[in-house]
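First the structure, in the form of structure tokens, and then the observations on it.
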Amino acid sequence: MPPHTIILDTDPGIDDAMALFLALRSPEITILGLTTVFGNSTVEATTRNALNLLHVAERTDIPVARGAAQPLVLPLGETGEFVHGQDAMGDIGWTDVLAPYLKPVDQPAAQFIAEQVMANPGQITLVAIGPLTNLALALQLEPRIAQAVRSVVIMGGSVVAPGNVSPTAEANIYNDPHAAELVFGAGWALTMVGLDVTTAVRMDEPRFAALRASASPLGRFVGQIAPRYQQFHRERYGYQNGTVDVHDPSAIAYLIDPSLFAGQAWRMVVPVDGPARGTTIADRHGHFLSTPKVNCLVEVDAPRVLDLIQARLSA
Ligand code: BDR
Ligand code: CA
């Protein structure tokens, strides 16, 4: 399998930062660019965070294209500061870019995605770890990206695990269900890294403490931003010992080593409103005939994923 060339569509976000750093520390992955989206905070804040994270990682050669400030159809709802802190980066006090030269490129995210995919047919994997608005806008701008892309991997949704923002919906899908409907319907090679696997990958305080004590600046940074995320998991879910769900890095772990996961392809629908808004309904017994099949990851070797993340982030 040749290395993956990816565009990382992201709303950083504590676990987005972990995912980005994992990708940056993985020889299997080349990042062509970051595209930003509202979600864990406003797009202003997530774009600032994306630029700052690349600065921390000394990888400001990677372009950042700013994306959607709101969902396709719905008004902007509550953003994720209640999980990720006021700066969406663990309350480390980021209010501005860390250096004046840190700027997004002139192109909007959807245009960046469409142009890059069309210029590199069969080469690019889109990895989306926030609401799917930018991918949907790119599809609207250039529908041929559905054939030109190599594959699409999203962190979002769930087959049987309970939702994390409603009884059945996962946040990234819930936050823009109309975009998710387009992305799930596009007919491209789509893998869903959903709550079925990401809530099974649980990282605890000893692992964060080891990152904090590591020689790696990226590992130490993750150790610094983790406490706010640990607090949320303790208060919301009663998790003990500083344990958190490892959502976004699991999507990167899948790219690095798909053998860590097992999945099954099912046809999917995504209701856009009502109590099931943003639920990813998998047709496990073949009742729907028309919607495309999505590769849904449902099993994971969690200890090996955690070992991979820890090894890469502390190297
Ligand atoms: C997803 O929502 C966001 O808070 C996380 O960054 C992750 O992408 C988990 O539901
Ligand atoms: Ca995210």
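In the working numbering, the protein residues as written are 4 to 318.
Glycine included, each C-beta is placed from N, C-alpha and C at the ideal position.
Just so you know, these numbers come straight off a predicted model, no measurement behind them.
Check                                                                                                                                                                                : Outcome
Taking three-plus beta-carbon pairs below 8 Å as touching, is the segment 209-225 in contact with the segment 158-166?                                                               : no
Given that a residue counts as buried once 16 or more other Cβ atoms are within 10 Å of its Cβ, and exposed if not, what is R51?                                                     : buried
In three-state DSSP terms, what is A268?                                                                                                                                             : strand
Ends of the alpha helix (DSSP H) at N175?                                                                                                                                            : 174-177
With DSSP as the reference, label A189 as helix, strand or coil.                                                                                                                     : coil
To which residues of the same chain is F211 closer than 8 Å at the C-beta, ignoring the five residues directly before and after it?                                                  : V225, G226, A229, Q233, G245
Please work out which residues of its chain come closer than 7 Å, Cβ to Cβ, to A53, disregarding the five sequence neighbours upstream and downstream, and give them in chain order. : T13, P15, L37, T39, V67
Give the C-beta separation of N123 and L193 to the nearest angstrom, bearing in mind that I take them to be a contact with Cβ-Cβ under 8 Å.                                          : Their Cβ separation, rounded to whole angstroms, is 19 Å, which puts N123 and L193 out of contact at 8 Å.
What residues match up with S154 in a beta bridge as DSSP calls it?                                                                                                                  : T128
For T8, verify whether its CB is less than 8 Å away from any heavy atom of ligand 2.                                                                                                 : no
Taking the alpha carbon of A318 as the point to measure from, which residue in L25, D109, G88 has its own alpha carbon closest?                                                      : L25
Buried or exposed, going by whether 16 or more other CB atoms sit within 10 Å of the CB of Q313?                                                                                     : buried
Give a yes or no on whether the C-beta atoms belonging to G315 and L263 are separated by under 9 Å.                                                                                  : Sequence check: residue 315 is Arg here, not Gly. Result no, Cβ atoms of R315 and L263 do not sit closer than 9 Å.
The beta strand (DSSP E) with H288 in it runs from where to where?                                                                                                                   : Looking at the DSSP string, H288 is not in any beta strand (DSSP E), and its letter there is neither H nor E.
Can you say whether S293 is buried or exposed, counting buried as having 16 or more other CB atoms within 10 angstroms of its CB?                                                    : exposed
One question on the structure: do V76 and A183 come within less than 9 Å of each other, judged by their Cβ atoms?                                                                    : no
Are the Cβ atoms of P180 and D276 separated by less than 9 Å?                                                                                                                        : yes
List the whole-angstrom C-beta distance separating V204 from A305, where the pair is believed to meet the contact cut-off of C-beta under 8 Å.                                       : 5 Å
CB T8 to CB T33, shorter than 9 Å?                                                                                                                                                   : yes
Do the segment 132-145 and the segment 74-93 touch if we need at least three Cβ pairs shorter than 8 Å?                                                                              : yes
Can you tell me the Cα-Cα spacing of M21 and L214, whole angstroms?                                                                                                                  : 11 Å
Cα separation between W269 and A285?                                                                                                                                                 : 6 Å
State the CB to CB distance for the pair T283 and G160, rounded to an integer number of angstroms; the pair is presumed to be in contact (CB under 8 Å).                             : 3 Å
Can you confirm whether the segment 55-66 touches the segment 84-102 when touching is taken to mean that 3 or more C-beta pairs between the two stretches lie within less than 8 Å?  : yes
Quick check: T82 and F115, are their CB atoms within less than 9 Å of each other?                                                                                                    : no
Suppose the cutoff is 7 Å on Cβ atoms and the five residues either side in sequence are ignored; what does the same chain contact list for E145 look like?                           : A117, M121
If we call anything under 9 Å between Cβ atoms a contact, is D251 one with H236?                                                                                                     : no
Between the alpha carbons of P209 and Q126, how many angstroms are there, rounded?                                                                                                   : 38 Å
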